[in-house]
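A quick write-up on the structure given underneath.
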Amino acid sequence: MNKRALCSCIVAMVLPSVAAGSHTEAEKPAATGLLHSAVGMVHAPPETPARAGRLVVLTRYAARLDPEDAETCRLLAAVYESQGRLAEAADAIESCIAAHQDRCHHTNCRWLELLLRQRERAEQRVSLLEDMLADEDLPAGVRAVAAARLGRLHRGRGEVEQARLAYLTSLELDPTNPDAAEGLLAVIDNPTAVDEAESLLRLLLGNPKAVAIAWDLAALLDSLGLHERALVFFEHAWDTAIAAGGREALSASFVTEYFNTMLNAGMHAEAIRRFEPALEQFSEHLDLLALMVEAHRQTGDQDRAERTAERMLELYMPEEADEELSPQEQAELAWFHLMMLDDPPTAMEHAQRAAEDDPHDTFIRRVVAASVYRAGDPETARQPLEQLSDRDVYASVFLAELLFEAGESEAAAETLRSAVRRNRSGPAYRKARELAGREDIALPPAEQADETAAVIDRSDLGVLAMGRSPEEFVSAELSPTTESVQVGEPIVVEATLANIGDVDVTVGDWGLLAPRMSLEVELGEHRMTNMPLLRWPAPRRLAPGESVSASTRLDVAELEEMLARRPLERLTLTVRAVLDPVQTSDGIASALPQLRVEPISIVREALVGNHLDAQEAPVQITEDLRERLSEGSVEQRMLAARQIGSLLAAARRPREESPAPEWLESNETAEALLELLERALSDESPAVRAEMIAVLHACPPDEPIIARLGSAVTDASPLVRMRTAELLGVWDKAGNRPVLEFLAEDDDDLVRDMAGLFVAREDQ
């Protein structure tokens, strides 16, 4: 600010200030404008002057004017939480819940966490959680969260029985609460297979797209010999992973376990059809190739088995002729020759080399003993096989075979029974089962296998279909609240999430989907991703036919400034949405890519349509704005202020941007716009005056504008003074400091806080 402009401001301080006007009519639109500015700070670049401090002041002022607005309460809670003011943050959330009967699971759980964080002693937390658990006015899902947290507290204090009861209570309220499902398993001494299956099943039913949980449950069932039931969950994990990410989402270890279980179930031909394509993806995975050799041999296709075995041999052999193999590699090569090529002499050769370097390794000892036995020397092989049989299933199988040949049938049978008690999955298990079949030996079922099967059989697994085909159960639709907007009007989109299926859909971070949507806007060549996140106020469970809607405003930060500087252009915005966004190595992606949200278009109209010639445009614009400033409602006058600010910004934008028409830069138009600026700054409503100052952020701070801000410094409305402090602070001109110091001594705390942000910055 030069001396002349500074003098204008100082003189204005002693002139009569503008009357405050009635706040009653203006409080709501003023609060809306403040909240919009605060959200803009959230999405502004990090280098934005006093960004965090402005966010705090703007949000607090919005809450002062409209304390029951839900979005303001949530943002205010975040502000207070960031400052460590947990009680005030909790009060803000509670006000939101009380005012709107908010059943939003996320909001209620956030309130619960804020209350807990205020209580340092465990007894205080227990008391709070017990009270919340007893409050039947709270949603069941929230009470379930309180019970699970209570269980965690009891468990941490060593109160196992109380923890168990709390977890059970949580599961009664929400059978799929993940903390309770895992916590209950953790407080059981020596959990059984039934306990583990129940816990995993609860987790999977709560989140049917949880591939890792389905895999864990399948592996558990497979280990119990419940191979057909295991395949239900392997297939679910396979289909869910592919539906979400294609075959690239499959890992070699998962495919190997699935393949292995199909062979356990005797489904050799089906396994070949399913997994042959996977061999192209994992062409050098030896375990998969070995399973394919086994499958081909079981179906009688020896030619394909031999070709696959030859491929394995190529992988086993060193790339360089003179390369030395490690003892482990020698042993693996020996095992391959023994089991895949039925070549005991070559197996013996490699096994003995391995044993020379590492004679105590269990695997190497097994390979040596098995090779010796198959080479025709059972007596030499017997003792090492006996020594290994209590910990190595393959050693047990070879030993049992040896004992059957020696006529020791009872000992052989017991050896087989002991082996399958330890392991009921894999090639060794299948060898044991095959041998038992030949010798007519009955193998015992796994302990608790029947009870675990009953847990699976009595569960409704139909809900798992939503993990594979979520688009058949939920829909998400994005729409504009209006397809075209005028300059300065809010650009708002609405989204609706609906349950279109016939069963409840579990919603949340551990659910079919998290109820949120990220947005991005394309405007010409510009792509803006730093948009407000849309979050649905969803309950824990969305019932069939139930839907929730939410809206958010897009014209914030970069987009708002871009639109403000181009009021004379008709602009088309393309809005794209990502449902349940997650961060990946390639950027933001949807956790449910099957649920594609169709993009929408919104047109921001030009201020005066196509009438942009030098004679008609300025007359049409100024007359329209003057009329609305004189006769319009508060909202209409605030819109006029935004349009005045947009025209001022367009006339002053850098030359490298698309040039403004000559009439906009003419002296006549400039004077007309400054006159309109003065009118807005002297409006009877503080909301209009404050809005006029707020929109000047997009303008370069030139002398004609600064000179007209003098009366705002001593305006009767603290809202106007606060906005003035913000504007002068952001403009950061050397001459602004005396004015900011003056406002830093204001009677209103929020005016002082805003001005103080910039005074303190200059002092640093």
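Residue 252 in my numbering sits at position 252 of the sequence shown, and the numbers go up by one each step.
Positions of the beta carbon are idealized from the N, C-alpha and C atoms, including for glycine.
This structure is a prediction, so every number in the text was calculated from the model and none was measured.
Identify every residue that forms a DSSP beta bridge with residue 499.
The partner list for residue 499 (beta bridge, DSSP) reads 474.
Using 8 Å as the Cβ pair cut-off and three pairs as the minimum, do the segment 725-732 and the segment 745-763 touch?
They touch, by the three-pair rule.
Check whether the segment 60-74 touches the segment 24-37, counting contact only when three or more Cβ pairs, one atom from each stretch, lie closer than 8 Å.
With three or more CB-CB distances shorter than 8 Å, the segment 60-74 counts as touching the segment 24-37.
What is the DSSP secondary structure of residue 569, counted as helix, strand or coil?
For residue 569, the three-state secondary structure derived from DSSP is coil.
May I ask which residues mark the beginning and end of the beta strand (DSSP E) holding residue 461?
If you look at residue 461, you'll find it isn't in any beta strand (DSSP E); DSSP assigns it neither H nor E.
Skipping 5 residues on each side, what residues in its chain have a beta carbon closer than 7 Å to that of residue 555?
Closer than 7 Å at Cβ, skipping near neighbours: 490, 491, 563.
Using DSSP with H/G/I as helix, E/B as strand and the rest coil, what is residue 521?
The answer is strand: DSSP assigns residue 521 an E or B state.
Opening and closing residue of the alpha helix (DSSP H) in which residue 413 lies:
409-422 is the extent of the alpha helix (DSSP H) around residue 413.
Distance, Cα to Cα, residue 179 vs residue 112?
Spanning the two alpha carbons is a distance of roughly 15 Å.
How is residue 16 classed by DSSP in three states: helix, strand or coil?
For residue 16, the pLDDT reaches just 34, beneath the cut-off of 50, and the residue's location in the model is therefore unreliable, leaving the point undetermined.
State whether the segment 285-292 contacts the segment 304-314, with contact taken as three or more CB pairs (one from each stretch) at a distance under 8 Å.
Segments in contact, yes.
Quick check on this structure: which residue in 117, 415, 52 has the alpha carbon closest to the alpha carbon of residue 84?
Closest in C-alpha terms to residue 84, from the list 117, 415, 52, comes 117.
Nearest-angstrom Cβ-Cβ length linking residue 641 and residue 692, presumed shorter than 8 Å
For a cut-off of 8 Å, the C-beta gap from residue 641 to residue 692 is around 4 Å, short enough to register as a contact.
Mark residue 450 as exposed unless 16 or more other C-beta atoms lie within 10 angstroms of its C-beta, in which case mark it buried.
Exposed is the call here.
So, does the segment 464-472 touch the segment 231-245, judging by three or more C-beta pairs under 8 Å?
Taking a contact to require three or more Cβ pairs closer than 8 Å, the segment 464-472 and the segment 231-245 qualify as touching.
Neighbourhood of residue 442 by C-beta distance below 7 Å, restricted to the same chain and skipping five residues each side
Apart from the 5 residues on each side of it in sequence, residue 442 has no Cβ closer than 7 Å to any other Cβ in its chain.
DSSP three-state label for residue 285, please.
For residue 285, the three-state secondary structure derived from DSSP is coil.
Starting from the C-beta of residue 92, find all residues in its chain whose C-beta is less than 6 Å away, skip the five residues before and the five after it, and write them out in chain order.
Close CB contacts of residue 92 within its chain, under the 6 Å cut and outside five residues either way in sequence, are with 73, 76, 77 (chain order).
List the residues that DSSP assigns as beta-bridge partners of residue 492.
Beta bridge pairing from DSSP links residue 492 with 553.
Does DSSP put residue 603 in a helix, in a strand, or in coil?
Secondary structure at residue 603: strand, using DSSP grouped into helix, strand and coil.
Excluding five sequence neighbours on each side, which residues of the same chain lie with their C-beta closer than 6 Å to the C-beta of residue 164?
Contacts found: 187.
Got a sec? Which residues, its chain only, sit under 6 Å from residue 22 by beta carbon, not counting five neighbours each side?
Unreliable positioning characterises residue 22 in this predicted model, as indicated by a pLDDT of 42, which lies under 50. A coordinate reading is not provided.
Between the beta-carbon of residue 425 and the beta-carbon of residue 264, is there less than 9 Å?
Yes, Cβ-Cβ distance for residue 425 and residue 264 is below 9 Å.
Between which two residues does the alpha helix (DSSP H) carrying residue 583 extend?
Unbroken run through residue 583 is the beta strand (DSSP E), 581-584; no alpha helix (DSSP H).
Please name the residue, chosen from 409, 475, 275, that lies closest to residue 597 on a Cα-to-Cα basis.
Closest by alpha carbon: 475.
Beta carbon of residue 686 nearer than 9 Å to that of residue 711:
For residue 686 and residue 711, no; Cβs fall outside 9 Å.
Identify which residue in 510, 560, 567 has its Cα closest to the Cα of residue 540.
With distances taken between Cα atoms, residue 540 lies closest to 510.
At what residue ranges does the segment 198-273 contain a whole run of the alpha helix (DSSP H), taking only runs of 4 or more?
The segment 198-273 contains these whole alpha helix (DSSP H) runs: 211-223, 227-245, 252-264.
What residue ranges within the segment 17-78 form continuous alpha helix (DSSP H) runs of no fewer than 4 residues, ordered along the chain?
Within the segment 17-78, the complete alpha helix (DSSP H) runs of at least 4 residues are 23-42, 51-65.
Would the beta-carbon of residue 765 fall within 9 Å of that of residue 512?
What the structure shows of the chain is the stretch from 1 to 764, and residue 765 is not part of that stretch, so it cannot be assessed.
So, at 8 Å on beta carbons, what are the nonlocal neighbours of residue 745 in its own chain, with the 5 sequence-adjacent residues on each side left out?
Within its own chain, the residues whose Cβ lies closer than 8 Å to the Cβ of residue 745, once the five positions on either side in sequence are excluded, are 752, listed in chain order.
Rounded to whole angstroms, what's the CA-CA distance from residue 96 to residue 28? Just pull it up for me.
Looking at the two C-alpha atoms, the distance is approximately 16 Å.
Residue 559 to residue 518 span [Cα, whole Å]
Cα to Cα, the separation comes out at about 16 Å.
Could you tell me which of 125, 136, 217 sits nearest to residue 153, measuring between CA atoms?
When each option's Cα is compared against that of residue 153, the closest is 125.
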